[in-house]
Structures are given as C-alpha cells and as structure tokens.
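Structure first, commentary second.
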Amino acid sequence: MTSFAYDADAGPSLARRVLRQREVGVFIALVVLVGAISIARPHFLASGNLFIMSRQIALTAIAAIGVFFVILTAGIDLSVGSAVGLTGYVCGLAFAAGAPMPVALLAALGCGALIGAINGFVVAYIGVTPFIITLGMLEICRSTIYTIRHGDSIRGIPASFLKIFGSGEFLGISSPVIALILLAIASHVVLNYTAYGRRVYAIGGNEEATKLSGINVRRVKFMTYVLCSVCCAIAGIMYVGYGTEAHADTGKDLELDAIAAAVIGGTSLMGGQGTVLGVLIGATIMGVVKNGLVLLDVSSYWQQMVIGIIIVAAAIIDVVQNANADNRKAIIRRIAGIFGRRAGAS
Amino acid sequence: MTSFAYDADAGPSLARRVLRQREVGVFIALVVLVGAISIARPHFLASGNLFIMSRQIALTAIAAIGVFFVILTAGIDLSVGSAVGLTGYVCGLAFAAGAPMPVALLAALGCGALIGAINGFVVAYIGVTPFIITLGMLEICRSTIYTIRHGDSIRGIPASFLKIFGSGEFLGISSPVIALILLAIASHVVLNYTAYGRRVYAIGGNEEATKLSGINVRRVKFMTYVLCSVCCAIAGIMYVGYGTEAHADTGKDLELDAIAAAVIGGTSLMGGQGTVLGVLIGATIMGVVKNGLVLLDVSSYWQQMVIGIIIVAAAIIDVVQNANADNRKAIIRRIAGIFGRRAGAS
Amino acid sequence: NRTDNKQHFVMVPKGVNPYYDPCYEGFKDAGAKFGIETEFRAPQDFSVSEQQEVIEDLIQKHVDGIAISANDDQGLVGVIDEATKAGIKVITFDAPAPSSKALCYIGTVNDAAGYTAGTEMAKRMGDKGVLLMLQGGMGSQNLNERYAGFERAMKEKAPHVTIIAREDTQGKIPVAQEKTEQLLQAHPDATAIFGLSGECIPGAVPALKSANKAGKILLGGFDDIPDTLAAIRDGTCQFCLAQKTYKMGWLSVVELQAACAGKELPKQIDTGVLLVTKDNVDTYMAHMKEEAQQWGGEAATMPATMGAGTAPATQK
Amino acid sequence: MGAGESSFGAGGGAGGGTAGRPLLEMRGITKSFGGVHALRGVDFAVYPGEIVCLLGENGAGKSTLMKILAGVHVVYDGEMFFDGKAVRFRSTQEAAELGIGIVYQEFNLCPNLSVAENLFLGHEIHNAVGLMDYPEMRRRARETFAALGVKIDPSALVQHLTVAPQQMIEIAKALGHNTRLLIMDEPTAPLAGAEIEHLFRIMGELKARGVAIVFISHKLNEVLRVTDRVVVLKDGENSGEIATKDATEDVLVSMMVGRELDRMYSRRKGSPGEEVVLEVRGLTGPPRIEDVSFQVRKGEIVGLAGLQGAGRTELAQLIIGYRRKVSGEVRLHGRRVNIRHPADAVRHHIGYVSEDRKKLGLILNMTVRENSTMAIHRRILNALGLISRAKEREVTDTYIRSLKTKVSSREQAVRNLSGGNQQKVAIAKWLAIKPDVLILDEPTRGIDVGAKAEVHRIIADLADAGVSVIMISSELPEVLHVADRILVMHEGRLTGEFSREEANEEVLMKAAVA
Ligand SMILES: Nc1ncnc2c1ncn2[C@@H]1O[C@H](COP(=O)(O)OP(=O)(O)OP(=O)(O)O)[C@@H](O)[C@H]1O
Ligand SMILES: Nc1ncnc2c1ncn2[C@@H]1O[C@H](COP(=O)(O)OP(=O)(O)OP(=O)(O)O)[C@@H](O)[C@H]1O
Ligand SMILES: [Mg+2]
Ligand SMILES: [Mg+2]
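Next up, the structure:
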C-alpha cells in the first residue's frame, strides 16, 4: 500500500495542540525581556507591581482574545476599542438609572452582542469588507458615547459592583486577571475541541473548501464578530471597575494594541493560524514593555521608540526561531549583508 | 473550437483600465453624496470651498496611493502617518539648519526612502509580518520627532518654499492637488503598463506562482515599501507648506484614513485587487463627508457618527452594485429578513 | 444698514469638548445681555483644516465677529486674513494665533498659568519631597509652556523638590490611571503628583485610592472638569487650577463689540487661572461668572483680581 | 490502445444498466457565466448501481454540470429529479444530505488543518462531553484510508502533503456518509498505478452495493475499463451516449471531438543531438533528494518516471532553484551554473511547468494574457520600456491557437477557465520563454485526448527545434511513447535508466518500486 506518512508531520500536529513552535519564539523574547528588566529593576517582580501590571495586561488581553476569533477567519475588527468604551459606558448608564447589578451587566453584554451582530451581519450576510464596517462602527460607537453626555464620565458606580470588579481580588489576583484566565481557557477549548472552533480555523485556511464541506460559513463568521464584541463588553465592564467610573475615552486606540498582541503572538492576519496562548504571550510582552519603561525611568520622549524597537525585535526573534536551519542561515546572511549589495539579491 | 472574440477582450480590458465595475459602486455613492450635500448647501460647490477641500483630500490621497502599492502585495503599512510626520519634520529641520530648498526636499525624500527601505527589508528579506514591523516603525518615527525638539513645531520656513508648496497654486489648483494628479498618473502607468506594476499585482494574486515565474518577489515587495514611504515624504513636504510650519503631530492617525481610502475604493486587503482610480474615489468620499458635515452644521457631537454611517453605506452600495443579479437578490433578501429568523440562515 | 439689525458673533472652539461649554455659556450670556446674536460652531475633531472650513463657511455667511480657539497659529493665518478682508472682526480666545491678523487674544497665558500652579504646588509641598508629573501628549505646545512655567516656579520657590518623572497620558483618563499606578510602583517615595492637563487628576484618583494613598499623596493639576471637582470634594485631590473659561466667552463678546465699534483692542488679555480647593469648589463658578459679568456695558476699570495683561476695552 | 479493456465495469454491468427508474435525472440544464454558455439544455441520468462516464473535451461543461448536481451552482435553468422527486439544491449541504458525494476536480482542503479534521469537516465526531473526539476521528480516518489502500498519517497537516495523498483525502471525504450517488471529477488525474487500482476496486464494491457513480476522466482506457455507459458532452450540449461494451477509444474520441482524430502519440521526426545541454551532478537536497546525476542532450526528451512521492517534483524544483540544494551542481552547455532562485533558471532559459497549477502555476485572478506573459516581461517591452500590449496579444494568441485553449477571450480570468484549459495556460507561460531546457511536471494531467496529443506534438516539435525536455509523468504509456530516454526515480534516488528501445511498462515498474 502506498504510504504518504511523512515523519515531518508527526511533530507539528502534536505540538500544535500544546505549545506550537510558533509560540516558542515570542516566548523566548518575553523571557529575555522579563529577565533584563528584573535584573535592572528588581522591584519589577514585586507583588505590588505584578498585581497592577497583570491587571493592565488582562484588560488588553480580554479584548485581544475577542479580536483573535475574528482574525482567525481572516477578518478584522477595528471597533474593539469603541466597543469596550460603549459597553462600559452603557453599564455605567444602567447604574446611573438605578438598575441592579445583574441588569447593568446584561445591558453591557447585550450592547456588546448587538455591536458584534451588526458587524457580523454586514460582513457575513451582506459581504462588506470587515475593515470598512468595523471602521464605521469604531466611529459610530465612540460618537454614541459622546452624544449621550458630551463626554462626561459617569460617577457613582455602586460599591457592590466595585467590590467585585474593582478592588475585588481572589488569592491576590485581580478580577480582570481571573476573568482573562477563565476566558482564555474557554476560548482554547472552543477553538481546539469543538466543531465550531475547528470551523473557525477552517474558514481562515480555505473558506471555499469549508463552504463546499456543507458548513454554514456565514453563520460561523457572524458568530466570531458577536464573540469578539462580547469579549469587549467583558473588558468594558472590567474597565468600569478598574476606573471606578465609566469614562468616555475608555478603550480609545485599544484595537491597535489588541490586534498587535494577537499578531505578536503569532496570529496570521491572513487567517487560520494562531493560538490563544500566543495571544496571551503577545499581550504580556506589550504590557511588560510598557510597565518596564516606567520602572526604568525611561524618558517619555523615548518610550515610544523603545516600544517600537522591542516589538520589531520580538518579531525578528520569532521569525529566526521559526525558520528551519538553512532558511535561518539565509536570513542571518541577509541581515549581515544588509549593507553589501548582496542585500538586494534573493 | 478556438472560439474567442477579439472585440470581446476590448471590453473587459478597457473597462478594467479605465473605470472597472469595482469603482462604479463607490463612484455612485460619491455622486449621491456630492449631489445631496450641494443641494442642501450650494456653497459646497463654491470655488473657495472646493479649493480647501481638494487640498485636504490631496494630502490624504497622496499617502493613500503610497500604501495602496503595499496593500496590492497583500502587505500593510501602518507607519504611513508617522512617516509623513517625520519626513516633514526633517524637511523643516533642514531649513532650520539653513539648507537651501533642494537639499531640504532631498532630505525629506531620503528620509522617506530610508523608512521604506527598513520596512521593506524586514518584511521582504527577514520575513516579519508587515503589520508588526510597520507598527514598530509607527512608534519609532513618531518618537524620533519628539526626541529631536520635545515636540516643538519648527517655524521660520523660507517664504520661497511656502510660495510653492503653501499658498502656491496653478490655475486655481493648490500644489498638493497638482502633486496628487501627477503622482496618480505616474502610479497608474507604473501599475498597469510596466513589468514592475504587473508583478506587484501578481504577488498579491499568488506569491508562490509569481516566484516560480522567475520573478524576484523579495525585491518587488521591498520596492513597494520604499515607494510607499517616498509618497509619504511627498505628503510630508506638502503638509509643511500647508501648515507653514513643521508640526510634531502632523500625520497622526493618517494611516487609518489612507488605508480606509484605498479599501473604500475597492482595494482588497488580501492583495492583487484595486486601482489608483478607486483609491482617489475613496479618498474623495472621505474628504467630501468631513467637509460636508461641517457645512451642513451637523452637531459636532453627531458628525463622527454620520461619518461612520456614510462609510458603511458607501461600502454596502458598492457590494450590492458589484453583486451579480441573483447574488444581489439574495443580499437584499437577507437585509430585508434582518429581523426575521431568516437572517440567521445562509 | 446692518447697524439696525442684531450683530452676529460666532464662537469657534478647537473641537468638541465639554471644556468649552462654560466658554459658550459666557459667550451666550454676554450676547443676551448686550443684545447680540451668538452661535457656537465646533470643528468635528481638533484639526486646523476643519477649523479652516468652519471659518471659511462663516465668511460666506458674513457674520460680524468670530472668536477662535486656535488649533494652530500659522495654519489659520490665511483664513483669518480672508475674514478680516471681508470686514469680519476676529479675535482668539483660549488658544492664540499670534502670527495672524487676529485683533486680540483672550485667555490663559500658559507659561503664567504654569507658574501660578508651580507656586501653589511649592507652597503646599514645603520645599521637600518627590514630585511626579503627568502630561497629555508630549508634543503639545501649550502643555510644554505650562511645564516651563511650572518648573521655573518650582526651581525658585522649592529648589529641594525633585521632579522625578513626567509621563505621557496621551490625553486619556485610563492611561493616566495606568501610568500613575506604574509611577507609584517605580517611586514609592513619591509625595506629590501634578497633572498638566485635564485627564490627569481623574486618572490619578482611582490609582491613588487602590494604592491606599488617597489623601496621603498631594494631588493637584489643571482644569476643573467634573471628575476633578468630585475628587476635590472627597479630598483625594487637594486643588486644581480652573481656567476662567466663562470669562473668556464673556470677554470675547465684549471685545468683539468694541472692535465693531472701531475701538483699538489690547493684543492680549490674560484671564488668569482660578485656584479651586475644597473651600471654594462649590462656589468658584458663581464667582467666576460674577467677576466676568461686570465687564462690558457700563463697567469701568478692571479690578485687581484680574490676571496679568492689559485691561479689556470697555465701551460706552 | 485497447490494452485495459478487460473491464470489471461490464462484468458488474448486470447490477447496473439503464433498467428501472433513474436515481438521478437532470433535464434541460442550462447554465451560463456572464457571456460564457457552459451548458445548453443538457439531459443526464444515472441509474442505481451503474458507473456512468461523463466524457468531453476541456471546457465541454462536465464539471459545471456536476457542480449543479452537487449544489455548488444554485442558479441555473432546467430541472432535476432525485429518486423521482423534483429537487433544487440551495447548498452543497442539501445535496450531501440526500447522499450525493463529490470529488471535485480541484482540491478543496484546508491546508492549516490536520488530515482527520479535513476528513470530518462538517460532520465532526464528538465524545460524551460534546467535545471533538480526535482519537476516534483518527481511528476512523485510518480505517477509511486502509480501505482505500493508502496510509496517511491522520494527524499530519494537509499543507505538508503532496497532491496524491490530498486526492485520496478528497475521495475519502466523498465516500464518507451513506453515499448513494458518488461523483468523481477526474479522480485519477493526480494518482498513479497503485492508488488507481485501489480506487477502481472501491468503485467496484460501491457499484455492487447499488451506489451510482459518475466518473469523469480524460484517460479513455480507464473509461473503457470501469464504466457501464458513456455520456458525451460537446461545447455544453449532449453529443451522444453509448454503452461502454459497444465503445472503443476511437468511437469515444470521434463522439467527443466530432471528427476522426489521429490520437496516436506523435512520434518525433528528428532525433536527439549529441551536445550535452543540461548536466546534473550529485544533486542532493532536503527533504528527500539523494545524489542524483544525469545528462540531457540537445533536443532530447527525457522521461522521468516513478511512483507518487518518488521525489520527481522535488528534483525539478531543486534544479530550477525553487528549493535550496545542499550539494551537487548543475551544468549548462558544459559550464557550471549557480541557480539559487527560479529567476536564475529563467535567465538560463530553463522552464518548469509545475504539477500544481493552482498553487504554483497560475495567478487565478489574472487574465489569460497576463498569465501567458508572466515569465517574459523583459522581452515584451516597447521603446518606452512599457509592456507592449501588441506583443502580449501576439504571444497570448499564438499559444491559445497552438494549444487550442478554450477561452471566451484572452482577457478572461484564468479562474474561470475549465481545469484543462487552465493547464494549457500554465504550459503556454513556459513555452513563451523559448526555453533551452523545459521541465514539465505531469503536463497532461487533466487535459483531454485532443489537447494531450497537442501537448505531445508540441513537446516533439520543441525537441526537434533543439529544446532539451524533461517530462515527469506518472502515466507510463505516455512516457514510453514520448520519451527518447527514460529515467526512473524511487525515494529520491535514480533507480534506473532505459533507452526507448529497452523500456517497457514492466521494467519501468520494477525500477520504480526498488
Ligand atoms: N465560474 C466560472 N465563470 C465563468 N466561466 C466559467 C466558470 N466555470 C466554468 N466556466 C466556463 O464554463 C465552461 C465549462 O467549464 P467546465 O469546468 O465545466 O469544463 P469541463 O468539462 O469540466 O472541462 P475540463 O475537462 O477541462 O475540466 C468553460 O468554458 C469555462 O470557461
Ligand atoms: N514531507 C513533505 N513536506 C513538505 N513538502 C513535501 C513533502 N513531501 C513531498 N513534498 C513536496 O510535494 C511535492 C510533490 O513531491 P512528491 O513527493 O509528490 O514527489 P513526486 O515524485 O513529484 O510525486 P509526483 O508523482 O506527485 O510528482 C514536491 O514539491 C515535494 O517536495
Ligand atoms: Mg472539469
Ligand atoms: Mg510531483
């Protein structure tokens, strides 16, 4: 009988489930980074700092996991930041209107689901490019916030709520981090052990083939946008707890951080490639850098530059690490030959 | 059985070159928009207004054409805005250092070429995702500006320069518009009538097949990034003339507008699809909306929302118009059934 | 023959922001008092180009006067020129455009305001301690001027205070909160925080609270937005400096009227800043209004409470 | 060549035949894509337990008809009856639910998913807790493949597989769920000997179970061997039908082409020169090529035979610099050349027609013209350094004519061409570079008999014109008839070399397996 089994394959498939090579690269980058910072500034690892840093990372990572679902289908969601802002604001408004906590939470989640449903419907059932509709939603959601109260924050969030989502912690872990952990586990299971999850990857890999396999591609895509915005709603609620108020500018530009976290973590914007673990690592790298720069008293004028350089460095480490032996040589050779005319050649 | 009509190909090919169906959709949207606004507010068409509006559109469109080259290869350049800012700032610094105009211009263009070369090298020869490296460059370029003079604007730009690039006009057309027209024509020719342009589209269509056709894919990609940043430099110079100073914040968030312009104009972020004309129409739509909203006295709080809605509307018109008869029916049916449970079905 | 019908003045802020609400209130009230039609026209975002469009449009409308909060100095030279040619009186408020033909600038002189703030901070810190600073956008001209003034005052009045950090909040409250949290980690010895822009205090407050340092660390900064006032009431924030926005609006009408009456206007009127503390947090607005409302009409000379700069023109 | 006429198809014919009610009936099916009329009032019926062959030239409309049957194309005129009931599918799912399985002509797999995941995509298996039951899916996958007589690691990523295993996955997918009607659009095209035999055996078993099968192939010997009835399409219309037992290759051909045609593989008139043009010495490269050395003389046609996975494609890709070699050298006209990138190969006038036209051959969203001239941009520039449309048209039309490519216009997007015509465009691109050395990897895969003869004639003409040709083919008869000399590969090494005289299927096979 003809055998098509290539031992080359055994590796990837197993690894893919646990910690795919893909992540190792960025993970190394992360370890290096953490090492360097904590040597320069031991306080970096102090529980106090880890507490606030992890909370800040979690707030981004929750949104990042949301947009990760969308990116897996080769889509994109630019409305993430505005969705976080609006859902949080809605939560605040509900409280202001005297609603009990469950109602306020449902209002926020419902608002998120609605935003996602609109994005998803227009993308999946009308066929508009995700970039455009979600860009539109970005504007719409943000200006909705401003039209409600001309940008004023909503104060007077009930203590009962703040106790859970604000100061609230469990074994010294803040509520956003707990929420993130639960969300990450759930997402990992959904993406790797349910038909829905595999179909999300399938669409990113080959949408036509997925459709021909009798899968309702539209519905799967639609759902990814809903999931994304619901994650945003979770982040939005957490932000209200974090800020102890609902601010009008919460989540501004968050979409870029969220997408960057996913991509740094090895998610392909062309769809079908990426893992929840990678997203977490990506978000952590960004959070660590931001926190480290302040701890190291880097001048604000330079911080952005350092962030930029580290993002690129992480990506390059990642590429080199994922390249096979001789590609790696080739890459090194090119980097070396950068000044020589050889740089031009393939 | 070799049945192919020679006149038949005149149709498609001609159309594709001049105004492909792809554009008709957005073009209709644009016409509707302009019509509506000018009826509501005849002053919209007043030469004074057209002058300032066209100048603002041109500044975005020049950058949009740049990033369009990159997008055609299925890449992305997020550093567009920062590149515009930095190149303009470099131009200003050159003047501040007492350099004559040609030197200042070359400095800006050179700076652009350098930014593009770095992006291009890291993408094409090292293999980092465009999103990441250009995101890094976004941060790096912007913070470079700040570190130079802590964000101060550079004043005292020579009158000779301002005369050409600032107040300068020709038959009542401002210099940025003239620059745009020349750039657009050049780009159209390059993309449609040169081997290089053909290869740019080819890479977006099927990178491997292009490589196997004996084309140095790396070099072609590399060049698109250089071209992109050089376009940014042109925009940067124009901005200095426009603002009569070099501002540290010039070009912030411009990348989003530039990419949006391209995508609204029918460019596919998956590569291989799009035309210069489309980009121009896309940029114009955005400019017209912004300008129109101010003229129409739309409450400032609502303007963002209207912009969002119009962007989406334009995209939907585009989709519906490009769908063939029966797809169109299907889409309409879905939009109609949006509230019914049918919406969920494929 | 336009003399017989109402004059029409328009206020053009930098963009959409609650900060301008009191400005327009003052503008409106003055208009009502002096029988002038007033209008508020804000560009959609804080951009020169959109501000130009608004002004272009107002020129077509042949309004009588425009009060602009300039997004950019040079960028507005052109349009302001046009407007002046069209016989429209143009002044700037809140943010100046010195290179333009604008007749007068009414507002806070940032360096002076920074100096006042520094003086207050120095007084409260008692020439010792570690000061953390927050600023919304490192590229912002106004804020850099404020900082300059602030730093000068500190050097003169509290040379032993160390300004140990100056972080960028990007003008966003949540970012201000994150940065404050990080700063408190980086510098546990910090004794005071000062915010150069409006979002800093609202961001710093929850950070101080969750670090249980509310009230233990001296917190002050610019702008009297609701969040900040709330913080002053609950004692987390000790003071803020309110720009006299209502007064800017009011005086804008007064000066435009004077200009229309052919009067020569002073180049600059510093409306100064008002110190808001727990004691006057509920009353300062009323005072600011009263103080402003005595200008124009029959009012005579300027009282001493008026900040630096020249007296506003008064009219018969 | 009636070699394979010992048909089990006819043998089982008793079970089939056109007696009783058809399982499926299509009446007056008409379908057009924009201007292109793919089908005009086609009637087609299949009876339980019979194997029907749908025969026709490239672009005749076979795939389109089957895609309508499978619910891919939902917009068409005409009516369809399944089990006597009128049906009109709105999705592939609806067709699948009625037990219609299809192997598409083109691959439809998700490269980023595992073999098992692809196999069960759309009807995944869940365990007690409602999660994906991977062990079970892998187990069943192994079973299915075992039944198909192949061994594919179910947890391998599809992107690491070659065309053959991918095809077996497609077949396994189609067989999956209680299939009553199985459509196979050129299933054997990417397969070689062993797998084809297994496939035929499976088809026999299904037929015995009363499953109806539609079999599309351009390999007439297969058609005669396994089918009961042949339905012929020509230019989108029915052009006759015949019981296989009454048919011969010549009859079928004349039904397809509408005229007599000399299909005999044209033997070349000239003979190879003496000068060695291409020489490969100790070529070695990952993952599998080991120390390969051979020579090709001027105007010589060297056939490269072997089983799937023998490494022929890899060897070709090493030679043209698409893969990185670790040792060995390539010499042209006696001089050592350093080919590190396909660009170098093109510069040295070495062409490579890939075996995977969709992934490596064509740019589907571009036009026939743009694809045809993709490798010769430098040579069609006008005085201004711009691409000369005139020259492009000239080149394009030349090959549309000489390859008899069926296109609505040279500006038609290649995506919209029929499979075979796509293959012709892929070949045209390389003929256009006027190669000294041309490597063709499965060049006649999926193209009709007429076109096949054309390609063979073209290869012969090229050789006569002094071009050195390496033809990789899994079809031994083809190699035997076209090649002057035949090399055989096995597991990345050359395992045999035969002159045309000494070569025959037996010796080649022996060399290919050891
Ligand atoms: N999506 C499409 N758009 C436009 N034309 C199409 C499309 N699909 C097929 N065609 C045209 O319909 C005709 C029939 O195509 P089809 O694929 O059915 O031929 P075929 O018989 O399968 O040929 P082959 O043997 O090469 O596979 C061809 O002329 C082809 O160009
Ligand atoms: N394990 C693998 N991982 C990645 N690519 C592979 C692997 N095995 C083979 N390939 C590639 O698949 C392509 C087909 O090679 P294959 O193994 O089919 O040899 P072949 O002799 O060309 O077989 P065929 O008869 O299909 O031409 C080649 O490019 C080969 O390098
Ligand atoms: Mg076909
Ligand atoms: Mg092969």
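Line order of the protein sequences matches chains A, B, C and D.
Each residue of the first sequence is one higher than the one before, starting from 68 at the first, in my numbering.
Each residue of the second sequence is one higher than the one before, starting from 68 at the first, in my numbering.
Each residue of the third sequence is one higher than the one before, starting from 5 at the first, in my numbering.
Each residue of the fourth sequence is one higher than the one before, starting from 9 at the first, in my numbering.
We put the CB at the ideal spot given by N, CA and C, even for glycine.
| Check | Outcome |
| --- | --- |
| Quick check: what's the CA-CA separation for A403 of chain A versus V190 of chain B? | 16 angstroms |
| Look at the alpha carbon of P100 of chain C and the alpha carbon of L112 of chain B, and state the distance between them as a whole number of angstroms. | 31 angstroms |
| Hey, out of B:G310, B:V134, B:L160 and B:M290, whose CA is closest to S234 of chain B's CA? | B:G310 |
| Return the first residue and the last residue of the beta strand (DSSP E) that V261 of chain D is part of. | That residue, V261 of chain D, is in no beta strand (DSSP E); its alpha helix (DSSP H) goes E257 to V265. |
| Kindly indicate which residue of A:P197, A:G179 and A:L117 has the alpha-carbon position closest to the one of G338 of chain A. | A:P197 |
| At the 7 angstroms Cβ level, is V361 of chain B part of the contact set with chain C, yes or no? | yes |
| Provide the residue span of the alpha helix (DSSP H) that contains R320 of chain D, from first to last. | R320 to I327 |
| Mind checking if G310 of chain B is an interface residue toward chain C, Cβ cutoff 7 angstroms exclusive? | yes |
| Where do the N-terminal and C-terminal ends of the beta strand (DSSP E) with G248 of chain D fall, by residue? | E245 to A251 |
| Could you list which residues in chain C have their beta carbon closer than 7 angstroms to that of K319 of chain A, in chain order? | K176 |
| Cβ of I224 of chain D within 7 angstroms of Cβ of V238 of chain D? | no |
| Measuring from the CB of K460 of chain D, is there a heavy atom of ligand 3 at a distance below 6 angstroms? | no |
| Does the beta-carbon of R170 of chain C have 16 or more other beta-carbons within 10 angstroms, so that it is buried, or is it exposed? | buried |
| With a threshold of 7 angstroms on Cβ separation, who are the neighbours of V265 of chain D within its own chain once the five nearest residues in sequence on each side are excluded? | E65 and G458 |
| Within 10 angstroms of its Cβ, does E275 of chain A collect 16 or more other Cβ (buried), or is it exposed? | exposed |
| Count the C-beta pairs between the segment 351-358 of chain D and the segment 434-446 of chain D that are closer than 8 angstroms, then say yes if the count reaches three, no if not. | yes |
| Buried or exposed, going by whether 16 or more other CB atoms sit within 10 Å of the CB of F153 of chain D? | buried |
| For A175 of chain A, report the span of its alpha helix (DSSP H) as first-last. | M168 to G187 |
| Once you ignore the five residues that flank V285 of chain D on each side, which residues in its own chain have a CB closer than 7 angstroms to its CB? | V304, R305, K306, L340, H341, D444, V445 and S476 |
| Taking 6 angstroms as the cut-off, is the C-beta of Q113 of chain D nearer than that to any heavy atom in ligand 3? | yes |
| Please confirm whether L269 of chain C and C108 of chain C have their CB atoms less than 7 angstroms apart. | yes |
| What's the call for P280 of chain D, buried or exposed, on a 16-neighbour Cβ count within 10 Å? | buried |
| Which chain D residues are close to Y192 of chain A, counting only those with a beta carbon under 8 angstroms from its beta carbon? | Within chain D, no residue comes near Y192 of chain A; the closest Cβ sits about 15 angstroms away, beyond 8 angstroms. |
| For G118 of chain C versus G69 of chain C, is the C-beta distance shorter than 7 angstroms? | no |
| Let me confirm a value: E206 of chain B is counted as buried when at least 16 other C-beta atoms fall within 10 Å, else exposed. Which label applies? | buried |
| Could you tell me which residues DSSP puts in a beta bridge with E43 of chain C? | C:V14 |
| Kindly provide the ranges of any beta strand (DSSP E) runs that are 3 or more residues long and lie completely inside the segment 151-233 of chain C, ordered along the chain. | 166-172, 196-199 and 222-226 |
| Can you give the Cα-Cα distance for A11 of chain D and K518 of chain D, rounded to whole angstroms? | The pLDDT assigned to A11 of chain D is 37, lower than 50, so where the model puts this residue is not dependable; a value taken from the coordinates is nonetheless given after this. One C-alpha to the other measures close to 19 angstroms. |
| Taking the straight line between their C-alpha atoms, what separation do you get for F188 of chain A and T96 of chain C? | 47 angstroms |
| Answer with buried or exposed for D8 of chain C, where buried requires no fewer than 16 other C-beta atoms within 10 angstroms of its C-beta. | Residue placement at D8 of chain C is flagged as unreliable, the pLDDT there being 48, under the threshold of 50; the coordinate-derived value follows with that caveat. Result: exposed. |
| Might you give, ordered along the chain, the residues of its own chain that have their beta carbon closer than 6 angstroms to the beta carbon of F506 of chain D, omitting 5 neighbours on each side? | I494 |
| Can you confirm whether S254 of chain B, when its beta carbon is compared against all beta carbons of chain D, has any partner nearer than 7 angstroms? | no |
| Count the other CB atoms within 10 Å of the CB of K396 of chain A; is the residue buried (16 or more) or exposed (fewer)? | exposed |
| Let me know the secondary structure DSSP gives G78 of chain B once reduced to three states. | Only weak support is given to the placement of G78 of chain B: the predicted model assigns it a pLDDT of 41, under 50, and the value that follows is read from those uncertain coordinates. DSSP places G78 of chain B in helix when its eight states are reduced to three. |
| Would the C-beta of S53 of chain C count as close to ligand 3, meaning under 6 angstroms from any of its heavy atoms? | no |
| So, for K93 of chain C: in the same chain, excluding its five sequence neighbours on each side, which residues have a beta-carbon less than 6 angstroms away from its beta-carbon? | G69, L260, A263 and C264 |
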